[in-house]
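2 protein chains.
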Amino acid sequence: MTEFWNDFPGINEALGRVQELIDRAIQSNNRIIAEGLGSLFGGDGKLLRPGLLLIASSFGKDQEEKRFPLAAALEILHTATLIHDDVIDNSPLRRGLPAAHEKYGQKDAVLIGDFLLSRCFLLTAQYTSPENAEYLARSISALCSMELEQDADRFRSSVSVRGYLRKITGKTALLFSLACHVGASEAKAPPPVTTTLRRIGYNLGMAFQIIDDILDYTGEEDTIRKPRGNDVKAGLVTLPLILALRRDTQGELTALVGQDTFPHSDFNRIIRLTLELGGIEESYRYSQGYTRRALGEIESLPPGKGRTMMEKLTHKLLERTA
Amino acid sequence: MTEFWNDFPGINEALGRVQELIDRAIQSNNRIIAEGLGSLFGGDGKLLRPGLLLIASSFGKDQEEKRFPLAAALEILHTATLIHDDVIDNSPLRRGLPAAHEKYGQKDAVLIGDFLLSRCFLLTAQYTSPENAEYLARSISALCSMELEQDADRFRSSVSVRGYLRKITGKTALLFSLACHVGASEAKAPPPVTTTLRRIGYNLGMAFQIIDDILDYTGEEDTIRKPRGNDVKAGLVTLPLILALRRDTQGELTALVGQDTFPHSDFNRIIRLTLELGGIEESYRYSQGYTRRALGEIESLPPGKGRTMMEKLTHKLLERTA
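Chains F and W, in that order, are what the protein sequence lines are.
Under my numbering, the first sequence has 135 at position 153, and the numbering climbs by one with no breaks.
Under my numbering, the second sequence has 244 at position 262, and the numbering climbs by one with no breaks.
This is the structure we're talking about:
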């Protein structure tokens, strides 16, 4: 399936089935959907959320078939939010390919995202307990609500670390946590294990998103598959910039973004100063904090194949920092 | 509640409860959602779909409380699609009030629509059978798919009557039909009655949307609460124009819109010619056909309060043609 999961026994094969289910769920007689959607699920998607769900489900006693469609539902949901996010951020690339709205126009991108949301709900209605369907719906509400805050804070240099952490909870950690919860609870894992897995998902998601935001400052376009400085150009004040502003005793960076809005500032200088002031270094400390917490929770899981994979996944996601 | 339902015994009171449930379901700690959503549900919404669901549920033996949250879910879904539609059509007014995207920007409007979709799914996960949750999800998929076709046909004068009818199925008839189906089947109405009600919803929805499209050509802005000619300016080729083009033996209208795209044409002249060529009159014949079919199906329903209300509703919706 994807290289990322090569050394996770069984997961790659299972993700192959998940991918088949995704392909089937997004089929449509509609020409635009039929032509467009396949490629949106291509690119360099790692199927992280489905993988997480599958690992979490291995802690339960019920190894039912339904974990595959549920993993598919989560990836479809994730892609729907990406498509709508890209409309919102006006981002040109996604997974190394043109974003949906660049290819089909903003209008169709909204509808394609809605179509995918409905497919996600269809799969959950078919395969989850009503409790988990509820849990999923609530997670999406929270996710939208947190995204709306992010949009309100665009081009606002006064964003707090706390505000930032709340936003990435909605953007990433909630879905990671949801993947673990749904996987474990549908497989009837013991409730305390499900709770632990949900926390692991949360911490992993937080660490992962911070690293993602760091890469927007440091990554090579070849690796991150999108233009560097994409976020800051879109007015997204992420952790590296927030932390750099705190250390900006000379006031140089503050002068650039301190007008509360900075749509006309020199983005390359903002990026350079953020690095020089140590905003990247300190951001890594945050991501490492979450990773440590995830590893601590993982230690408390019952030993076995599932725990080993969860550990390996955590290290692998942390490796992206290198 | 709303004047529209004044002479439907019991419905107005029931819709009061539905409105309370809507208000509760869309509550949020998020400032933008909290401030924004109330007003989006205000304006001159008639709560047609919830009313239809309530009438349909009166044909069942189970008069459970859950019909209220389900009616709320349908209105929330309808509002979500309106918000996304208005982003897509760039329409300035909705229900006589500024459209969401005019008030909050396109970006927030996408997220507010997603938030509402998730609230609709939450209510259905809580209150419907999994079968009806599935039915709802499939309806939304179909709705998005048909909307995408509408968008692809924008500014294309070659739209066929058949293509148009397919599009308004997605835009309106599907949700009317869904309201009847969910109301009747959750109240455990006999399956043949549920099927008949679903067909009534479909025919009513078709008639209703054709009249709506006619009003875009003939309505006073005071009545339709949106600028006249809104659709044609947005490039939507609806039934009056399609039928007028067929009768355009002189070729005057065809010359205006016949270039396949007509974004720079004289819209007032298009509207005037559509009227002169009888496109409106013939469109009414279509809407009357659907209304007749609805009334025919209504006659086959078991007699009683529900059937009387369904008849009254059909006549009332047809009166809009006057």
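Cβ atoms here follow ideal geometry from the backbone N, Cα and C, with glycine treated the same way.
Contact of D96 (chain W) with chain F is assigned, a C-beta pair being separated by under 9 angstroms. Residues are counted here when their Cβ sits less than 8 angstroms from a Cβ of chain F; for the region 280 to 291 of chain W the count is zero. Separation of the CB atoms of E264 (chain W) and L225 (chain W) is rounded to 5 angstroms, and the pair is thereby assigned contact status at 8 angstroms.
Look at Q9 (chain W) here: in three-state DSSP terms it is coil, with no helix or strand label. When Cβ-Cβ separations below 9 angstroms define contact, K89 (chain W) makes contact with chain F.
For I37 (chain F), the nearest beta carbon of chain W is not closer than 9 angstroms to its own beta carbon. For V214 (chain W), no chain F residue has a Cβ inside 8 angstroms of its Cβ, as the nearest lies near 17 angstroms away. Excluding the 5 residues flanking it on each side, A55 (chain W) has same chain C-beta neighbours closer than 6 angstroms at C102, L105 and T106, in chain order.
Of the residues assessed, K43 (chain F) falls on the exposed side of the cut-off, its CB having fewer than 16 other CB atoms within 10 angstroms. Within chain F, the residues whose beta carbon sits less than 7 angstroms from that of F103 (chain W) are F103 and A119, listed in sequence order.
Taking 9 angstroms as the cut-off, the beta carbon of F158 (chain W) is found no closer than this to the beta carbon of L255 (chain W). With a cutoff of 9 angstroms on beta-carbon distance, D198 (chain F) and R180 (chain F) are scored as not near each other.
A53 (chain W) does not reach chain F, its nearest Cβ partner there being about 18 angstroms away, counting only Cβ pairs nearer than 8 angstroms. Put simply, the CB of E131 (chain F) is near chain W, with a gap under 9 angstroms to one of its CB atoms.
Taking a 10 Å sphere around the C-beta of D67 (chain W), we find 16 or more other C-beta atoms and assign the residue as buried. Interface residue (Cβ-Cβ distance to chain W less than 9 angstroms): E57 (chain F) is not classified as such. By the rule that beta-carbons nearer than 9 angstroms mark a contact, E46 (chain F) does not touch chain W.
As summarised for the region 135 to 189 of chain W, the continuous alpha helix (DSSP H) elements at least 4 residues long and confined to that stretch are 143 to 150 and 156 to 168, given in chain order. The beta carbon of V141 (chain W) sits no closer than 9 angstroms to any beta carbon of chain F. Scanning the region 205 to 271 of chain W for uninterrupted beta strand (DSSP E) segments of 3 residues or longer gives nothing; none is fully contained. In the three-state reduction of the DSSP assignment, F(-10) (chain W) falls in the coil class.
Two segments are said to touch when three or more pairs of C-beta atoms, one from each, lie closer than 8 angstroms; by this definition the region 85 to 94 of chain W does not touch the region -3 to 13 of chain W. Counting along the chain, no alpha helix (DSSP H) covers G201 (chain W), and no H or E run does either.
Judged by DSSP secondary structure, P32 (chain W) falls within the alpha helix (DSSP H) whose first and last residues are L30 to S39.
Taking a beta-carbon distance threshold of 9 angstroms, E168 (chain W) does not count as an interface residue toward chain F. In this structure, G165 (chain W) and R49 (chain W) form a Cβ contact; the two beta carbons are roughly 6 angstroms apart against a cut-off of 8 angstroms.
Taken in chain order, the members of the region -11 to 20 of chain F whose beta-carbon sits within less than 8 angstroms of a beta-carbon on chain W are S10, N11, N12, R13, I14 and I15. Judged by DSSP secondary structure, K294 (chain F) falls within the alpha helix (DSSP H) whose first and last residues are K287 to E301. In the structure shown, K43 (chain F) adopts coil according to DSSP, grouped into three states.
Apart from sequence neighbours up to five positions away, the residues of its chain that approach V69 (chain W) with a beta-carbon distance below 7 angstroms are H83, Q88, A91 and V92, ordered along the chain. For G288 (chain W), the closest C-alpha among the options W:G(-8), W:E(-15) and W:P222 is that of W:G(-8).
C-alpha of A115 (chain F) to C-alpha of Y109 (chain F): approximately 9 angstroms in a straight line. Scanning its chain for C-beta atoms nearer than 6 angstroms, with the 5 sequence neighbours on each side dropped, one finds around F41 (chain W) the residues A166, A171, V175 and G288, in chain order. Residue environment analysis places K149 (chain F) among the buried positions, since at least 16 neighbouring C-beta atoms fall within 10 angstroms of its C-beta. In this structure, V214 (chain F) places its C-beta atom within 9 angstroms of the C-beta atom of F249 (chain F).
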